[in-house]
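J.:
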Amino acid sequence: MFKNPGGKLKGLAKVVFWLELILFILTGLIVIIAGISGSEISINMPGVYSTRMSPVVSIVAGILIIAFGIFMAWLSTISLYAFGTLVESNEKILQIVGSRRPAAAAPQAAPAPAAAPAAAPAAAQPAAYTLPQNTAGKCPYCGTATTPGMKFCTLCGKALQ
Ligand SMILES: [Zn+2]
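Here it is in structure tokens:
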């Protein structure tokens, strides 16, 4: 439903722009035509503007309305269009981040089931533990046979490490 909201905002900005432009140009043209035809125009905007315009004034007013309308249409559209562009670029950033996230997660997940790091410490631990022990199989003092892991000779009682 809200797919590509940035693009829709930009589309809306264009519609708003042309609607405002047409509205102001039409109003301006009516005022100008009325001025050219020589009829007086009575404008009554309560609290804002209230006058009876002479033909020359209405022609000038008509041109001003069109100029003002173009400016207003541009002003209201530019912010909407800019916002649409912003939303669009934000969507693109989210897409890039979103596409990177699973790619980064996949290599992390792959080595985990292999459990290679878990097997390595298990093999290294006994090796590190037995290394300082007596591995010769004989007591260096009396020559009695020893088993790996023995701390003292069973015959002479001397330390085997
Ligand atoms: Zn011994």
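Residue numbers (the numbering used here): 3 to 163.
All residues carry an ideal CB built from backbone N, CA and C; glycine is no exception.
In this text, all values refer to a predicted model and were calculated from it rather than measured experimentally.
(1) I want to check one thing, is the minimum distance from the CB of THR149 to the heavy atoms of ligand 1 below 7 Å?
(2) Looking at chain D, is there any beta carbon in it that lies within less than 8 Å of the beta carbon of VAL59?
(3) Which residues have their C-beta within less than 6 Å of a heavy atom of ligand 1, listed in chain order?
(4) Please go through the same chain and pick out, in chain order, the residues whose beta-carbon is closer than 6 Å to the beta-carbon of ASN46, but skip the five residues on each side of it.
(5) If we ignore side chains and look at the alpha-carbon of each, how far apart do LEU66 and ILE95 end up?
(6) Is there contact between the segment 19 to 36 and the segment 86 to 102, where contact requires at least three CB pairs shorter than 8 Å?
(7) Are GLY86 and GLY64 touching if we call contact CB-CB under 8 Å?
(8) When DSSP labels each residue in this structure, what does LYS160 get in the three-state scheme?
(9) Is THR53 helix, strand or coil by DSSP?
(10) In chain order, which continuous runs of the alpha helix (DSSP H) of length 4 or greater are located wholly inside the segment 5 to 47?
T.: A quick look at the data gives this:
(1) no
(2) Any reference to chain D falls outside this structure, which holds one protein chain only.
(3) CYS141, TYR143, CYS144, THR146, CYS155, LEU157, CYS158 and LYS160
(4) SER52
(5) 43 Å
(6) no
(7) no
(8) coil
(9) strand
(10) 7 to 38
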